[in-house]
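Enquirer: Handing you a structure now.
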Amino acid sequence: ILTDVAVPVWTTNLPPSVTHIWLHNCSLLPETELEKFPSNFLSFDLQNSDWMELAHLSATLQDVGLINNPNLHRIANFRVNPAGISVVNTSISSWIVDNSTYAALNSQPPGKYGTENGYDMFNSTIESDPVECDKLKGTLMPVFTNKTLRSAMRNNNTYSNANFTVCLLPQSVASTPSSTASNSTPFPTMTPSNSGVSTGAAVGIAAGILVVICLAVWVYRSQTKKRQQGQNDSHEKYVGSPDQINGPMWEDVHGTFESTAQNTVGLKQQNQQSGLTGHLDMRDLELCRIQVKDIQYHYIMGSGAFADVWSGSFEGEPVAIKVLQAKNVSMSQLQSFLDEIHLMSTFDSPYIVKFIGAAWKQPKDMKCVMELMDGGDLRDYLAKL
């Protein structure tokens with residue numbers, strides 16, 4: 190029994206044999222950390238205190254007494270599983286509990302006074318602030334709902350039908366707001382294994398994937414330029430066939446294509462007809478080619494400096510269609526677009542936009558068909574957060 194002292198007293202080395210503590214007329218120091226409360230204690234009795242809040246107390250307590258504490262209005266992160274609890278001359282306006290504590294409190298019968306187990310209320314109220322509970326995404330729930338033996342309580346005329354309310358937190362809790370008491374600290378994080386991915390986490394994952402894609406494009410283009418420089422002296426290497434359905438013949442498993450001089454001449458002629466000069470490296474886009482006639486255009490969703498994105502359909506399914514603006518496109522920009530399409534064709538993940546195919550009649554008409562994402566522009570979405 191400790192009387193007229195300033196808590197925390199358990200910062201001193203209490204012997205392990207001490208399992209019961211009664212705090213009578215004890216003040217609470219601002220730096221007190223109740224989570225350091227000895228876990229081996231079996232009973233906790235707080236009487237005639239000036240405490241405004243009881244928070245971060247977690248122990249295997251069998252008995253709890255909160256008696257004559259007129260300033261005590263808030264209980265949070267109070268994780269106990271008592272066999273008996275008494276609340277006397279105390280008005281609680283905010284009591285926040287997790288699932289295990291709620292189940293323990295709500296399973297108790299009334300009428301502890303004069304016995305060892307159950308709950309007892311005298312000249313006390315237990316309520317919870319609905320505004321605070323809503324901010325915590327909690328639910329106001331009745332507690333101590335067993336009323337069958339309330340006649341055994343000391344003031345049974347008052348409490349025979351009284352209702353007591355707590356704020357029951359959801360399975361996943363990030364933190365609680367600080368109370369008015371100076372010694373309040375946030376709830377610890379509890380992350381169950383079945384919790385979903387939040388919106389912030391999803392946006393963060395999408396941003397990370399975008400960075401990886403940009404880095405991969407840069408590395409891929411650097412390697413492509415080096416490979417093209419090594420092929421400048423060879424006129425037999427196949428560098429693309431933008432409008433030939435049958436495609437080239439493969440000579441090895443590393444992606445090196447061989448074609449006839451007729452294919453190369455045909456590519457040059459198509460480039461000249463489209464106002465472009467030079468060679469295009471289209472590699473294996475034939476593998477993901479779809480027919481232009483199977484694509485329907487609906488309306489433009491967005492435009493950039495060199496390309497438009499259309500809403501359309503392919504084989505009855507909604508799609509997004511990215512098309513270069515022919516009047517502005519240069520040879521290097523078209524090659525960049527081809528590299529982008531080729532890179533997208535190598536990805537297969539449920540967490541990124543699905544690539545459907547590429548369609549063209551001649552190089553400048555290249556179209557990239559993708560899964561339609563109805564969330565709008567990513568930059569606009571991030572700007573709204």
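Counting from 1, position 34 in the sequence shown corresponds to residue 223 in the numbering used here; the numbering is continuous, with no gaps. Just so it is clear, CB atoms sit at the ideal spot from N, CA and C, and this is done for glycine as well.
My guess is that PHE353 and VAL332 are in contact by the Cβ rule of under 8 Å, so how many angstroms apart are they, rounded?
Expert: PHE353 to VAL332, Cβ: 5 Å. Contact.
Enquirer: Which residue from THR535, VAL286 and LYS553 puts its Cα closest to that of THR328?
Expert: Comparing Cα positions, the closest option is VAL286.
Enquirer: State whether the segment 541–554 contacts the segment 480–498, with contact taken as three or more CB pairs (one from each stretch) at a distance under 8 Å.
Expert: These segments touch.
Enquirer: What's the call for SER238, buried or exposed, on a 16-neighbour Cβ count within 10 Å?
Expert: With 16 or more other Cβ atoms within 10 Å, it is buried.
Enquirer: Going by the DSSP bridge assignment, what does GLU506 pair with across the sheet?
Expert: Beta-bridge pairing links GLU506 to PHE503.
Enquirer: Of the choices GLN514, VAL518, CYS557 and GLU504, whose alpha-carbon is the least far from that of ILE530?
Expert: Comparing Cα-Cα distances from ILE530 to each of GLN514, VAL518, CYS557 and GLU504, the minimum goes to CYS557.
Enquirer: Anyone know if the C-beta pair for SER232 and HIS213 falls short of 8 Å?
Expert: No, they are not a contact pair.
Enquirer: Under the assumption that TRP499 contacts VAL518 (Cβ atoms under 8 Å), give the Cβ distance between them as a whole number of angstroms.
Expert: Actually they are not in contact, since the Cβ atoms of TRP499 and VAL518 sit about 16 Å apart, beyond 8 Å.
Enquirer: Once you ignore the five residues that flank LEU576 on each side, which residues in its own chain have a CB closer than 6 Å to its CB?
Expert: Outside the modelled stretch of the chain, which goes from 190 to 574, sits residue 576, for which no answer is possible.
Enquirer: Starting from ASP309 and walking both ways along the beta strand (DSSP E), at which residues does that stretch end?
Expert: Taken as a continuous stretch (DSSP letters only), the beta strand (DSSP E) holding ASP309 covers 307–311.
Enquirer: Within the continuous beta strand (DSSP E) that includes CYS322, where are the two ends?
Expert: Premise fails: CYS322 lies in the alpha helix (DSSP H), 319–324, not in any beta strand (DSSP E).
Enquirer: With a cut-off of 8 Å on the beta carbons, I'd call ASN258 and ASN312 a contact; round off their distance for me.
Expert: Contact doesn't hold; Cβ gap of about 12 Å is too wide.
Enquirer: Roughly how many angstroms separate the alpha carbons of ASP563 and ALA509, rounded to a whole number?
Expert: Taking the straight line joining both Cα atoms gives about 10 Å.
Enquirer: What three-state label does DSSP hand GLN514 in the structure shown?
Expert: Coil at GLN514, not helix or strand.
Enquirer: If distances are taken between C-alpha atoms only, which option among LEU235, ILE315 and LEU358 comes closest to ASN288?
Expert: Ranking the options by Cα distance to ASN288, first place goes to LEU358.
Enquirer: Check the DSSP bridge columns for LYS543 and list the partner residues they point to.
Expert: DSSP lists no partner for LYS543.
Enquirer: Secondary structure at LEU250, three-state DSSP: helix, strand or coil?
Expert: It is coil, neither helix nor strand.
Enquirer: Give the range of the beta strand (DSSP E) segment to which LYS553 is assigned.
Expert: Neither: LYS553 is in no beta strand (DSSP E) and is coded neither H nor E.
Enquirer: Would you say LEU357 lies against chain B (beta-carbon separation less than 8 Å)?
Expert: No chain B appears in this structure, which consists of one protein chain only.
Enquirer: In terms of residues, what are the limits of the alpha helix (DSSP H) holding SER289?
Expert: SER289 -> alpha helix (DSSP H) spans 288–295.
Enquirer: Is VAL406 near LEU527, with beta carbons less than 8 Å apart?
Expert: Contact flag unset, no.
Enquirer: Should LEU404 go down as buried or exposed, given a rule of 16 or more other Cβ atoms within 10 Å for buried?
Expert: Looking at its Cβ environment, which holds fewer than 16 other Cβ atoms inside 10 Å, LEU404 is exposed.
Enquirer: Is the beta carbon of PRO271 closer than 8 Å to that of ALA293?
Expert: Against a cut-off of 8 Å, the Cβ pair of PRO271 and ALA293 comes out as a contact.
Enquirer: Give me whichever residues DSSP pairs with ASP497 in a beta bridge.
Expert: Note: ASP497 sits in a beta bridge opposite SER492 and VAL512.
Enquirer: Can you list, in chain order, the residues of its chain whose CB lies under 8 Å from that of VAL392, leaving out five sequence neighbours each side?
Expert: TYR570, LEU571 and LEU574, listed in sequence order.
Enquirer: Please report how far the alpha carbon of MET559 lies from the alpha carbon of ALA395, in whole angstroms.
Expert: Taking the straight line from one Cα to the other gives about 17 Å.
Enquirer: Taking the C-alpha atoms as reference points, what is the distance between LEU561 and MET490?
Expert: The alpha-carbon atoms of LEU561 and MET490 are separated by roughly 11 Å.
Enquirer: Could you check what DSSP says for GLY565 in three-state terms: helix, strand or coil?
Expert: GLY565 falls in the coil class under three-state DSSP.
Enquirer: How about GLN524 and ASP566: are their beta carbons less than 8 Å apart?
Expert: No.
Enquirer: Beta-carbon separation of HIS262 and SER296 under 8 Å?
Expert: Going by C-beta atoms, HIS262 is not nearer than 8 Å to SER296.
Enquirer: Hey, would you say the C-beta of GLY273 is under 7 Å away from at least one heavy atom of the ligand HEM?
Expert: The ligand HEM is absent from the structure shown, which contains no ligands of any kind.
Enquirer: CB-CB under 6 Å to SER280, same chain, minus the five flanking residues each way: which ones, in chain order?
Expert: These residues qualify, in order along the chain: THR314.
Enquirer: Less than 8 Å between the C-beta atoms of MET310 and VAL355, yes or no?
Expert: No, Cβ-Cβ distance for MET310 and VAL355 is not below 8 Å.
Enquirer: Residues in the same chain with beta-carbon distance under 8 Å from ALA496, minus the five sequence neighbours each way, listed in chain order, please.
Expert: Counting only Cβ-Cβ distances below 8 Å, and skipping sequence neighbours, we find LYS511, VAL512, LEU513, GLN514 and PHE526.
Enquirer: I need the boundaries of the beta strand (DSSP E) containing LEU357, first residue and last residue.
Expert: 353–357 is the extent of the beta strand (DSSP E) around LEU357.
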